[in-house]
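A short worksheet on the structure shown next.
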């Protein structure tokens, strides 16, 4: 009997969408040997020449004109992509989508970005008979996610479910599973072993993330962090931003034994495990990874739109707090110092991790849709 095939479609507009697809791909295959997966960033796969130009334009808008992006996000907030927009997307970017689906013959299609979701929805209206599962990768439900052709929505929270219900989605088509994270985040690690592996001290440790797109453009906060370097261990992850990494590496304020500068890493789960506080932009994926590790979070410079909604959700539920001024940083850092012993014990206890979030739920919901059993 052939394996069940799952086609996971995303786009490269921010890393979180594709990370969610890849997390599902790995976890589905880990949970069952009867599943075969394929992850595609559809635009880049079908149009490798044009796609980078579009992504660059998007990145430039987000980084240099965030208010404009926010206006665009809000203006379309309650609207699904209209049929003209879906047709344009199909003809300009995805003319071969039907051929790809026909060639791969998936038993289910999972979309982690609204654009491929709209394209597959249009193909379903034209006769494609494959279940479509949509994974919303933020703590908000923008109208572009919504399509009557979606068979199942897997969402981050009950709040997102309520938003979909108000837009006419049937209750039985929505399941609250949380955003999927890579199985590396599912289990706790030994903090002492990790400290030894990474060459870290047993002292209050803060992980700073979000430099991959140069979004930590204001160095004032980073410079302020260094004022605490004698008492706080700082791990600053700059992702793929090699320019920022080189700049900070040559800044004497960051040349200290308690400051670790890093580029891209595939061990974010371990760095979160060994840290006592996460400072990050409120992207849906990073916040969910932090949630899975039970690490408190401080949020800076949210992009107007979905990141603001993510920040509001995590703040309202007590998982984090926005950085309003340097006083916010100072208060948290001093608390880490004053309560380090108790906080370290809590971080080392697996039961302290948030029990409202079960990271395998999203994958298991897809397996249930495919009627595939979890391997023992």
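Numbering (this note's numbering), first residue to last: 8 to 383.
Every residue gets a Cβ at the ideal spot worked out from N, C-alpha and C, and that includes glycine.
Range covered by the alpha helix (DSSP H) that runs through residue i
| i | result |
| --- | --- |
| residue 292 | 291 to 299 |
| residue 12 | Element bounds for residue 12: not the alpha helix (DSSP H) but the beta strand (DSSP E), 11 to 17. |
| residue 344 | 333 to 345 |
| residue 281 | Careful: residue 281 lies outside any alpha helix (DSSP H) and carries neither H nor E. |
| residue 104 | 104 to 111 |
| residue 122 | 121 to 132 |
Other residues of its chain near residue i: CB distance less than 6 Å, five sequence neighbours each side excluded
| i | result |
| --- | --- |
| residue 47 | 16 |
| residue 123 | 16, 49 |
| residue 369 | 161, 184, 187 |
| residue 108 | none |
Straight-line Cα distance separating residue j from residue i
| i | j | result |
| --- | --- | --- |
| residue 103 | residue 110 | 11 Å |
| residue 307 | residue 188 | 22 Å |
| residue 295 | residue 372 | 18 Å |
| residue 140 | residue 158 | 6 Å |
| residue 365 | residue 298 | 10 Å |
| residue 254 | residue 227 | 14 Å |
| residue 375 | residue 291 | 24 Å |
| residue 342 | residue 18 | 40 Å |
| residue 300 | residue 134 | 43 Å |
| residue 28 | residue 265 | 35 Å |
| residue 286 | residue 214 | 6 Å |
| residue 222 | residue 348 | Low confidence applies here, because residue 222 scores a pLDDT of 46, under 50, leaving its location unreliable and the question unanswered by this model. |
| residue 263 | residue 236 | 8 Å |
Cβ-Cβ separation, residue j to residue i (assumed contact under 8 Å), whole Å
| i | j | result |
| --- | --- | --- |
| residue 284 | residue 270 | Not quite, the Cβ-Cβ distance comes to about 21 Å (not below 8 Å), so this is no contact. |
| residue 176 | residue 153 | 7 Å |
| residue 305 | residue 327 | 6 Å |
Close Cβ partners of residue i (< 8 Å) along its chain, the five nearest in sequence each way excluded
| i | result |
| --- | --- |
| residue 30 | 187, 188, 189, 190 |
| residue 334 | none |
First and last residue of the uninterrupted beta strand (DSSP E) at residue i
| i | result |
| --- | --- |
| residue 48 | 42 to 48 |
Nonlocal neighbours in the same chain, by C-beta distance under 7 Å from residue i, ignoring five residues either side
| i | result |
| --- | --- |
| residue 44 | 13, 15, 32, 35, 36 |
| residue 131 | 139, 156 |
| residue 383 | Residue confidence is low: residue 383 scores 47 on pLDDT, short of 50, so the model does not pin down where it sits. No coordinate-derived value is stated. |
Any C-beta of chain C under 9 Å from that of residue i
| i | result |
| --- | --- |
| residue 180 | As a matter of chain content, chain C is missing from the structure shown, which is built from one protein chain. |
contact_flag[the region 187 to 202, the region 238 to 248] where n(CB pairs < 8 Å) is 3 or more:
no
The region 309 to 326 contacting the region 169 to 177, beta-carbon criterion three pairs below 8 Å
no
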